[in-house]
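Visitor: In the numbering used here, the protein residues as written are 107 to 220.
In structure tokens:
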């Protein structure tokens with residue numbers, strides 16, 4: 107086995123479709139509940155509610171699949187395996203060098219002169 111990560115290892119296509127399906131089912135169920143699909147108002151109301159919930163579920167499925175796929179393109183697989191010693195949003199060109207020089211000058215003043 108290799109130690110290199112790929113995008114496929116980060117999120118397999120089955121997981122991508124699974125998360126999208128869960129989001130679509132949730133959106134469809136909420137739409138059906140809010141439109142009155144489970145009430146006894148008549149067959150026309152329930153049929154319209156299920157039709158609209160199917161449309162909403164399809165739209166949510168497509169949007170979630172596309173969003174997750176585009177977000178996966180942003181991730182560099184080599185960056186995932188590399189350990190980080192600072193915050194993710196912290197830039198690498200901070201004034202770390204000035205702090206070290208400042209500490210060295212403080213140490214020199216505290217030490218006895220020979």
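Beta carbons: idealized from backbone N, C-alpha and C, even for Gly.
How far does the alpha helix (DSSP H) with residue 151 in it extend, from its first residue to its last?
Guide: The residue labelled residue 151 in the question sits at position 45 within the chain shown. Segment 149 to 180, the alpha helix (DSSP H) holding residue 151.
Visitor: Distance check for residue 167 and residue 127, CA to CA, integer angstroms please.
Guide: Residue numbering aside, residue 127 sits at position 21 when the chain shown is read from its first letter. Residue numbering aside, residue 167 sits at position 61 when the chain shown is read from its first letter. Between residue 127 and residue 167, the C-alpha separation is close to 6 Å.
Visitor: How about residue 175 and residue 155: are their beta carbons less than 8 Å apart?
Guide: Within the chain shown, numbered from 1, the residue matching residue 175 stands at position 69. Within the chain shown, numbered from 1, the residue matching residue 155 stands at position 49. No, Cβ-Cβ distance for residue 175 and residue 155 is not below 8 Å.
Visitor: Have a look at residue 136 and residue 199 and give me their C-alpha separation to the nearest angstrom.
Guide: The residue given as residue 136 occupies position 30 in the chain shown. The residue given as residue 199 occupies position 93 in the chain shown. Between residue 136 and residue 199, the C-alpha separation is close to 48 Å.
Visitor: So, residue 180 versus residue 134, is the Cβ gap smaller than 8 Å?
Guide: If you number the chain shown from 1, residue 180 lands on position 74. If you number the chain shown from 1, residue 134 lands on position 28. The criterion of a C-beta distance shorter than 8 Å is not satisfied by residue 180 and residue 134.
Visitor: Looking at the structure shown, is residue 126 part of a helix, part of a strand, or coil, going by DSSP?
Guide: Taking the chain shown and counting its residues from 1, the one referred to as residue 126 is at position 20. It is helical.
Visitor: Kindly indicate which three-state DSSP category residue 196 falls into: helix, strand or coil?
Guide: Locating residue 196 in the chain shown gives position 90, counting from the first residue. The DSSP-derived three-state label of residue 196 is coil.
Visitor: Measuring only the C-alpha atoms, how far is residue 165 from residue 171?
Guide: Here residue 165 corresponds to residue number 59 of the chain shown, with the count starting at 1. Here residue 171 corresponds to residue number 65 of the chain shown, with the count starting at 1. Each residue's alpha carbon lies about 10 Å from the other.
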